[in-house]
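S.K.: According to my numbering, the residues represented by the sequence shown are 1459 to 1696, in order. We put the CB at the ideal spot given by N, CA and C, even for glycine.
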Amino acid sequence: MIRSALTALAISASLMALSACDQSESAPATSAETRQAAIGGVSKTDIAEKTSENTYVAKRYGMTATAPDGWYIMDSDITQKLMDVGKALTTADMEAQQKTAMEMSISRTTNIFGFMKFEPGAPRQDGASVMAMAEDISVAPGVKRGSDYFFHLKNVFKQTAADMEIADGYTEVTIGGQSFDRLDLIVKVPDGSGLVAHQRYFAARHGDDMICFIQTYVDEADLPALDAILASIKLDWK
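(1) In chain order, what residues of the same chain lie with their CB nearer than 7 Å to the CB of K1646, ignoring the 5 residues before and after it?
(2) Less than 8 Å between the beta carbons of Y1659 and F1608, yes or no?
(3) Applying the 10 Å Cβ sphere with the 16-neighbour rule, what's the burial state of I1639?
(4) Given K1612, which residues of its chain have a CB within under 8 Å of its CB, disregarding the five upstream and five downstream residues?
(5) Alpha carbon to alpha carbon, what distance is there between S1596 and P1682?
(6) Once DSSP output is grouped into helix, strand and coil, what is the label at L1688?
(7) Which two residues bound the contiguous alpha helix (DSSP H) that contains S1605?
(8) How many whole angstroms separate the CB atoms of A1662 and I1672, which I take to be in contact at a CB cut-off of 8 Å?
(9) Just to confirm the assignment, what range does the beta strand (DSSP E) spanning Q1673 have?
(10) Ends of the beta strand (DSSP E) at R1663?
(11) DSSP three-state label for R1566, please.
(12) Taking a contact to mean a Cβ-Cβ separation below 8 Å, would you say G1572 touches M1532 in this structure?
(13) Quick check on the burial criterion: 16 or more other C-beta atoms within 10 angstroms. Buried or exposed for G1665?
(14) Taking the beta strand (DSSP E) that I1624 falls in, what are its first and last residues?
(15) Does the beta carbon of K1517 come closer than 8 Å to any beta carbon on chain C?
(16) So for K1646, helix, strand or coil by DSSP?
(17) Roughly how many angstroms lie between the CA atoms of D1626 and G1604, to the nearest whole one?
(18) Nearest-angstrom Cα distance between D1677 and G1585?
(19) If you draw a straight line from the C-alpha of I1687 to the C-alpha of Q1617, how long is it?
(20) Please classify R1566: is it buried, with 16 or more other beta-carbons within 10 angstroms of its beta-carbon, or exposed?
(21) Mapping DSSP to helix, strand and coil, what is K1517?
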């Protein structure tokens, strides 16, 4: 079963945009060096490496991305907590078999990088972020492009406890010279605040992986910065 890991990450990203997850209460402090590392995935060799002040390169995926000045670079500990929170919320109403499928999907997922406007736990409710991930979909040869992936993703969203509005169609955009499909949705954050987070998903198949970028924001004023991150992405896909 594909697509479940993105579901978990998506729900968590909406929470993080509103600073609803406070690292200080549930995780040990990380060193400055660790905080400056991009998101880790299955192994440390897969993470994006810092090559200049705000630029990170993930050689395995032929990807380079640049964060805005002053933005927080998420580390693997933060990302794991994101996945844990998202998984718990996503599987709240799922049967045991579906939960097992979620675990399998997460095990096939690598988090490439994550840039946040504010640090986790900051006393703000107007955050924004961009996250990149890759899911091994070698078991799904019929998923040839992002819109195919989104077809399954939308079905999984409908099975979760998440309160969201999903756009009916898709648009096609170019990122790093490659064609990506885009899906928009609005997530009502499950913290009782009544706040909503807007999300844009961009997905394209590269070899056996589905490469996904997630933009999350509350205030449309953050869109130029989020779009600038996508514009900075270079993809060396041969």
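M.R.: In short, the structure shows the following:
(1) Counted from its first residue, the sequence shown places residue 1646 at position 188. For K1646, where only same-chain residues beyond five positions count, the Cβ hits under 7 Å are D1621, M1622 and V1654.
(2) One-based indexing of the sequence shown puts residue 1659 at position 201. One-based indexing of the sequence shown puts residue 1608 at position 150. Yes.
(3) Taking the first residue of the sequence shown as 1, we reach residue 1639 at position 181. One point to set straight first is that residue 1639 is Asp, not Ile, in the sequence displayed. So D1639 counts as buried.
(4) Residue mapping note: residue 1612 aligns to position 154 of the sequence shown, counting from 1. Once the five neighbours on either side are set aside, the close Cβ partners of K1612 are I1624 and L1641.
(5) Position 224 of the sequence shown, counted from the start, is the residue given in the question as residue 1682. Position 138 of the sequence shown, counted from the start, is the residue given in the question as residue 1596. Cα to Cα, the separation comes out at about 35 Å.
(6) Numbered from 1 along the sequence shown, position 230 holds the residue referred to as residue 1688. Shown here, L1688 sits in a helix according to DSSP, grouped into three states.
(7) As a working note, residue 1605 is residue 147 in the sequence shown. Start and end: G1604 to Q1617.
(8) As a working note, residue 1662 is residue 204 in the sequence shown. As a working note, residue 1672 is residue 214 in the sequence shown. With a Cβ gap of about 13 Å, A1662 and I1672 do not count as contacting.
(9) On the sequence shown, residue 1673 is found 215 positions in, with the first residue counted as 1. Element bounds for Q1673: D1667 to Y1675.
(10) By 1-based counting over the sequence shown, the position of residue 1663 is 205. First-last of the beta strand (DSSP E) with R1663: V1654 to H1664.
(11) Translated into the one-based positions of the sequence shown, residue 1566 becomes position 108. Note: R1566 maps to coil in three-state DSSP.
(12) The residue you call residue 1572 lines up with position 114 of the sequence shown. The residue you call residue 1532 lines up with position 74 of the sequence shown. Contact: yes.
(13) On the sequence shown, residue 1665 is found 207 positions in, with the first residue counted as 1. For G1665, the number of other beta carbons within 10 angstroms of its own is below 16, and it is reported as exposed.
(14) Residue 1624 sits at position 166 when you count from the first residue of the sequence shown. Looking at the DSSP string, the run of the beta strand (DSSP E) that includes I1624 is D1621 to I1624.
(15) Of the protein chains in this structure there is only one, and it is not chain C.
(16) For the purposes of this step, residue 1646 is taken as the residue at position 188 of the sequence shown. K1646: strand per DSSP, three-state reduction.
(17) What you label residue 1626 is simply residue 168 of the sequence shown in a count that begins at 1. What you label residue 1604 is simply residue 146 of the sequence shown in a count that begins at 1. One C-alpha to the other measures close to 14 Å.
(18) Mapped onto the sequence shown, residue 1677 falls at position 219. Mapped onto the sequence shown, residue 1585 falls at position 127. Rounded to the nearest angstrom, the two C-alpha atoms are 8 Å apart.
(19) Against the sequence shown, residue 1687 aligns to sequence position 229. Against the sequence shown, residue 1617 aligns to sequence position 159. Pairing I1687 with Q1617, the inter-Cα distance amounts to about 31 Å.
(20) To locate residue 1566, count along the sequence shown from 1; it is residue 108. Buried is the call here.
(21) What you label residue 1517 is simply residue 59 of the sequence shown in a count that begins at 1. Reduced to three states, the DSSP call for K1517 is helix.
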